[in-house]
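The listed protein sequences correspond, in order, to chains A and B. Be aware that the first sequence starts at 2, since it is given in this note's numbering, and climbs by one per residue. Be aware that the second sequence starts at 2, since it is given in this note's numbering, and climbs by one per residue. From the three backbone atoms N, C-alpha and C, an ideal C-beta is built for every residue, glycine too. Treat the numbers as computed from the prediction; the structure is a model and nothing was measured. Only one structure is covered here, and it is reproduced in the block below.
Protein chains: 2
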Amino acid sequence: MGGPEKPVRGHKVTSFDVARRAGVSRAAVSRTFTPNASVSPETREKVIKAAKELGYRVNYLARSLINRRSDFVGVVAAGMDNPFRAMQIEQITKSLVRRNFRPILLPADQGESADHVMNQLLHYNVSGVLVTSDAPPTALCAEFAAAGVPIVLINKADTIPSVDRVISDNAAAGRLAATTLVEAGARRLAVVAAAAPSYTARCRQQAFVSACYSMQVEARVISVAVNDYDHGVAAAERLEGADGVFCVNDYMACGLIDGLRRKGNGAAEAIRVIGHDDIPQAAWSAYELTTIRQPSDLQAEQAINLLVSRMDEPSTPERVETTPVTLVRRRTA
Amino acid sequence: MGGPEKPVRGHKVTSFDVARRAGVSRAAVSRTFTPNASVSPETREKVIKAAKELGYRVNYLARSLINRRSDFVGVVAAGMDNPFRAMQIEQITKSLVRRNFRPILLPADQGESADHVMNQLLHYNVSGVLVTSDAPPTALCAEFAAAGVPIVLINKADTIPSVDRVISDNAAAGRLAATTLVEAGARRLAVVAAAAPSYTARCRQQAFVSACYSMQVEARVISVAVNDYDHGVAAAERLEGADGVFCVNDYMACGLIDGLRRKGNGAAEAIRVIGHDDIPQAAWSAYELTTIRQPSDLQAEQAINLLVSRMDEPSTPERVETTPVTLVRRRTA
DNA sequence: CGTGAAAATGTACACGTGTGCAATATAGAG
DNA sequence: CTCTATATTGCACACGTGTACATTTTCACG
């Protein structure tokens with residue numbers, strides 16, 4: 002009854018203010034904004050009216066304190082210059098928001114940086130963590146698991162126990178690349194991958210090489226420093242004699258094709274190229290890159306599924322979801 | 002002194018536990034982890050030791066409750082398929098983390114979606130909001146400002162009062178594009194932009210057209226639906242007679258070039274093209290696109306500067322920071 | 001040793017919310 | 001109308017932390 006007392010600054014309106022204005026107890030206000038709580042229709046209406054007039058919003062941080070759930074999910078990512086990573090992060094954040102989570106995006110390029118930001122994450126009692134970084138700090142992942150924070154690795158190695166994972170079928174991808182190149186007529190194959198590759202790149206590379214071995218086809222390994230565009234360009238200089246190349250990702254494959262074209266002499270047309278990820282640029286008519294698609298939208302969904310089921314059942318054994326790959330035929334193979 | 006009682010689950014270790022184990026008051030624990038607080042070296046050491054043994058972490062959410070500062074910053078973004086947006090978000094999140102903020106990334110593609118997620122944001126008392134979305138909901142921006150939440154728009158229109166902004170020098174960009182094309186010998190110019198363009202695109206387009214008018218050079222406007230790759234490809238069919246084109250962003254320019262090449266007859270070589278943003282693909286040797294660079298790293302820094310100064314001085318008049326553009330000469334102009 | 005200032009510590013309250021429990025209001029059956 | 005089962009409400013406590021205030025300890029200085 003003490004006048005409207007306008008909300009001066011900084012959104013100080015609290016449930017107490019609403020309760021007083023609506024002439025009810027503060028508990029009634031809380032229950033109005035809590036699903037499945039017992040409030041009569043008329044008090045609910047009074048509360049909602051008062052809340053609207055005052056511009057009241059439930060403080061979710063205070064709520065999280067007593068609910069033990071923050072609805073924050075840490076998203077640890079690196080290498081956003083790779084368009085596939087950008088797609089991946091977009092899919093993940095969209096799926097999270099759609100399910101009423103709040104994604105905290107943590108760029109983690111160097112290993113030391115990842116360590117730092119993930120440490121920070123432990124201070125906000127996040128509901129879970131999704132990691133797509135190349136080098137997830139093993140010790141920290143274990144620490145999250147120990148702290149009871151669900152953690153899901155996307156396309157990462159299985160060196161970390163008791164952590165759920167979503168992985169693309171990298172072995173199938175490697176085999177598919179090999180058979181596709183051979184069916185296209187290539188006989189002297191090569192695979193381009195970083196010397197210290199990520200887990201996925203290593204799997205693809207190994208499956209590719211062993212598939213070539215099975216088919217009794219030559220398979221050379223060309224090591225680069227990083228799986229990016231620039232190193233793809235440089236790798237084009239080291240393909241003498243090859244007539245079919247598998248790049249472990251499209252980002253590098255675009256560089257490789259540009260490198261081949263720069264060499265001239267029809268080098269680009271003489272060599273069949275296949276990539277991986279199906280980034281938007283692969284479909285650009287400057288490349289029309291034949292590639293292997295991994296479903297980043299499905300991966301995001303499954304990762305979140307693992308997260309929520311781990312929240313419900315914290316002690317179930319670790320689970321691994323494998324997503325299928327599909328060949329996208331274009332011009333280069 | 003009641004034994005180590007292992008931290009069973011869910012990180013339940015609280016400052017009370019640490020205090021008991023260290024044999025001090027809970028306030029001493031709090032002060033140990035608060036900068037500029039008065040604690041003796043020996044108690045601090047005892048506290049840190051006990052905290053390490055128990056695996057204690059300060060609960061920042063609880064801290065934010067009393068500090069009135071959450072250190073969360075909402076980042077509203079759309080169109081992450083455009084590589085420039087990906088760069089921008091990477092820069093923004095990196096800068097935020099470097100300054101000890103936590104970025105909450107909210108993808109907002111449709112207007113309705115942006116409205117929803119920004120509404121959610123008001124429930125977490127975020128320290129600020131950065132908006133790079135194309136269509137920031139005016140009403141909501143005002144609501145943030147009214148609630149005392151600092152909000153900074155990056156490359157957005159000035160239709161919203163009392164909101165800080167960082168904008169690229171779009172007028173200079175338009176003029177620079179025009180003069181560069183004319184100096185390169187072009188006389189029949191065109192500009193490609195969306196019919197309902199974003200604020201930046203409109204500014205660039207208008208400055209381009211009026212610069213052409215000043216130089217007494219023909220300037221045609223080619224309208225497309227969206228400023229993306231696919232519509233760039235389509236726009237290539239509508240350039241009859243032009244010998245110089247300004248695409249309001251590189252993303253679309255790449256499509257335009259691919260479209261010109263597909264037409265054949267040396268169409269691509271006959272037309273000078275200039276883009277905007279200097280996305281990584283512009284430097285790829287398939288394009289070597291002459292373009293106008295806007296400094297996304299500087300923009301991120303300045304946006305955060307505006308944010309923190311607005312936090313300190315909530316009632317200062319709105320400020321606008323303009324970032325410079327630079328021409329990047331490559332092959333296409 | 002005495003004394004005053006400065007440093008350190010503990011107590012108690014505050015931040016904004018959800019919810020168990022007991023008390024009360026309501027309604028339906030007889 | 002009476003009795004009972006049910007829906008609604010308010011009180012009080014809990015979540016985990018920072019800090020003003022009063023109190024105690026430390027310490028340099030005379």
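Starting from the N-terminal side, write out each stretch of the alpha helix (DSSP H) that is 4 residues or longer and does not extend beyond the stretch 103-130 of chain B.
-> 112-122
Alpha carbon to alpha carbon, what distance is there between A/Arg-273 and A/Arg-262?
-> 13 Å
Nearest-angstrom Cα distance between B/Ile-223 and B/Leu-290?
-> 20 Å
Reducing DSSP to helix, strand and coil, say where A/Arg-330 ends up.
-> coil
Nearest neighbour of B/Met-88, chosen from B/Thr-160, B/Tyr-252, B/Glu-319, B/Ser-215 [CA to CA] = B/Tyr-252
Which residue's Cα is closest to the Cα of B/Glu-322: B/Val-309, B/Gln-303, B/Gly-24, B/Ala-51?
-> B/Gln-303
Inter-residue Cα distance where the pair is A/Arg-1 and B/Asn-83 | The question about residue 1 of chain A has no answer here: the residues shown for chain A are numbered 2 through 334.
What do you get for B/Pro-151, buried or exposed, if any count of 16 or more other CB atoms within 10 angstroms of its CB means buried?
-> buried
Once you ignore the five residues that flank A/Arg-45 on each side, which residues in its own chain have a CB closer than 6 Å to its CB?
-> Thr-33
Taking 8 Å as the CB-CB limit, is A/Tyr-61 close to chain B?
-> yes
What residues match up with B/Ile-280 in a beta bridge as DSSP calls it?
-> Answer by DSSP bridge pairing: none, since B/Ile-280 is not bridged.
Please list the residues of the stretch 245-265 of chain B that have a C-beta atom closer than 9 Å to any C-beta atom in chain A, keeping them in chain order.
-> Cys-255, Gly-256, Ile-258, Asp-259, Gly-260, Arg-262, Arg-263
CB B/Gln-206 to CB B/Val-249, shorter than 8 Å?
-> yes
Chain B partners of A/His-124, CB-CB under 9 Å?
-> Arg-58, Val-59, Asn-60, Tyr-61, Leu-62, Arg-64
Beta-carbon of B/Leu-240 versus every beta-carbon of chain A: anything under 8 Å?
-> no
Who does B/Ala-302 pair with in a DSSP beta bridge?
-> It is worth fixing the name first, because residue 302 of chain B is Glu in this sequence and not Ala. DSSP, once it has assigned bridges, lists no residue as partnering B/Glu-302.
The stretch 314-330 of chain B touching the stretch 185-196 of chain B, judged by at least three CB pairs closer than 8 Å | no
Are any of the Cβ atoms in chain A nearer than 8 Å to that of B/Ala-237?
-> no
Measuring CB to CB, does A/Ile-280 end up less than 8 Å from A/Phe-85?
-> yes
Which residue's Cα is closest to the Cα of B/Asn-126: B/Arg-21, B/Ser-65, B/Leu-307, B/Val-25?
-> B/Ser-65
Using the Cα positions of B/Ser-71 and B/Arg-99, report the straight-line distance between them to the nearest angstrom.
-> 16 Å
So, using beta-carbon positions, are B/Ala-202 and B/Ala-212 closer together than 8 Å?
-> no
When you compare only the Cα positions, how much space is there between B/Gly-36 and B/Leu-106?
-> The identity of residue 36 of chain B in the sequence shown is Pro, whereas the question assumes Gly. Looking at the two C-alpha atoms, the distance is approximately 28 Å.
If you draw a straight line from the alpha carbon of B/Val-118 to that of B/Asp-135, how long is it in whole angstroms?
-> 15 Å
How is the alpha helix (DSSP H) around A/Glu-241 delimited, first residue to last?
-> Premise fails: A/Glu-241 is in no alpha helix (DSSP H) and is neither H nor E.
Shortest alpha-carbon distance to B/Ile-67 belongs to which of B/Ile-258, B/Ala-115, B/Ala-243, B/Ser-31?
-> B/Ser-31
For A/Lys-95, count neighbouring C-beta atoms within 10 Å of its own C-beta (all shown protein chains included) and say buried if the count is 16 or more, exposed if not.
-> buried
For A/Arg-100, the residue or residues it bridges with in DSSP = A/Arg-100 pairs with nothing; no bridge assigned.
Identified DSSP bridge partners for A/Val-62 = Reading off the sequence shown, one finds Leu at residue 62 of chain A, where the question assumed Val. Beta-bridge pairing links A/Leu-62 to no other residue.
With a cut-off of 8 Å, does the C-beta of B/Asp-279 fall near any C-beta of chain A?
-> no
Which runs of the alpha helix (DSSP H), 4 residues or longer, sit entirely within the stretch 166-201 of chain B?
-> 171-184
Since B/Gly-260 is in the beta strand (DSSP E), which residue starts that stretch and which ends it?
-> Premise fails: B/Gly-260 lies in the alpha helix (DSSP H), 251-264, not in any beta strand (DSSP E).
Would you kindly work out how many angstroms separate the C-alpha atoms of A/Ser-233 and A/Arg-239, rounded to a whole number?
-> One detail in the question is off: residue 233 of chain A reads as Gly in this sequence, not Ser. Their backbone Cα atoms lie some 10 Å apart in a straight line.
Measure the alpha-carbon distance for A/Val-130 versus B/Gly-245 and round it to whole angstroms.
-> 49 Å
Please work out which residues of its chain come closer than 8 Å, Cβ to Cβ, to B/Gly-242, disregarding the five sequence neighbours upstream and downstream, and give them in chain order.
-> Arg-189
Where A/Gln-282 meets chain B, residues with beta-carbon distance less than 8 Å | Gln-282
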